[in-house]
Amino acid sequence: MTDKKTDHTDDAPPTTWKKGDALAESAIPGEQGNSLVARAVTINRPVGEVFAYFRDFANLPTFMENVERIDILDAKRSHWVVKAPAGKTVEWDAVVTEEAQDSVIAWTSEPGADVANSGRVEFRDAGARGTVVTATIAYDPPAGIVGKLIAKLFQREPAIQARRDLRRFKQLMETGEIATAAMTRKQHEEEMA
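Everything in the sequence shown is counted per my numbering, starting at 1151 for the first residue and increasing by one.
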């Protein structure tokens, strides 16, 4: 495996790399999933503050739109309930596989997950700019490629959600709130369905 620190020195997530195997070099534990999503954002807050908020998994539903709830099972394990297309939900238990204070959190889903997944969120001090947060997620969409297309149609596909969730995380950390757009009645009814 090539050392990504020497070959890839910018802030770009692995999926944007022009050289190398992004999945193999992403340092995602357990290799749960064959679809790779990665996004990065710079948040104008100190790395310790950003890491601490993210590491308290009970906070994640405040900015992750499709996460209904996360039940903390113990210091390393949590149970996730996430909205899926057509008003359904998917669930899994996740275990933290790597953690370094103010630096990285990595996880993998346990056997029996509705959506097998694993990932890694890295936090890097960007000096006066704040903190660069890079999220890389590997997952197996339910029903394979058809499931991925359906999820895209319903705006529940992880690549779409990762971008939106990181943008909401940035807003929440920098301003204390998340800006929302007005919804039409139809949009509200669809969301409530």
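Glycine included, each C-beta is placed from N, C-alpha and C at the ideal position.
No experiment lies behind these values; they were computed from the predicted model shown.
Worksheet entry | Limits of the unbroken beta strand (DSSP E) element including residue 1199 | Working through the sequence shown from its first residue, we reach residue 1199 at position 49. Secondary structure note for residue 1199: it is in no beta strand (DSSP E), and the uninterrupted alpha helix (DSSP H) holding it is 1197-1205.
Worksheet item: Grouping DSSP H, G and I as helix and E and B as strand, with all else coil, what is residue 1330?
Response: Counting from 1 along the sequence shown, the entry for residue 1330 is found at position 180. For residue 1330, the three-state secondary structure derived from DSSP is coil.
Fill in: Boundaries (first-last residue) of the beta strand (DSSP E) holding residue 1270
Counting from one through the sequence shown, the residue named residue 1270 turns up at place 120. Looking at the DSSP string, the run of the beta strand (DSSP E) that includes residue 1270 is 1267-1275.
Worksheet item: With 16 other CB atoms within 10 Å as the buried threshold, where does residue 1272 fall?
Response: Mapped onto the sequence shown, residue 1272 falls at position 122. Buried, since its Cβ has 16 or more Cβ neighbours within 10 Å.
Discussion item. Three or more C-beta pairs under 8 Å: does that hold for the region 1245-1259 against the region 1198-1207?
Written reply: Result yes; three or more Cβ-Cβ pairs closer than 8 Å.
Practice prompt. Between the Cα of residue 1216 and those of 1314, 1187, 1330, spot the shortest distance and give me the residue it belongs to.
Written response: Within the sequence shown, numbered from 1, the residue matching residue 1216 stands at position 66. When only C-alpha atoms are compared, the closest one is 1314.
Fill in: Rounded separation between residue 1196 and residue 1225 - CA only
For this step, residue 1196 is matched to residue 46 along the sequence shown. For this step, residue 1225 is matched to residue 75 along the sequence shown. Answer to the nearest angstrom: the Cα atoms are 24 Å apart.
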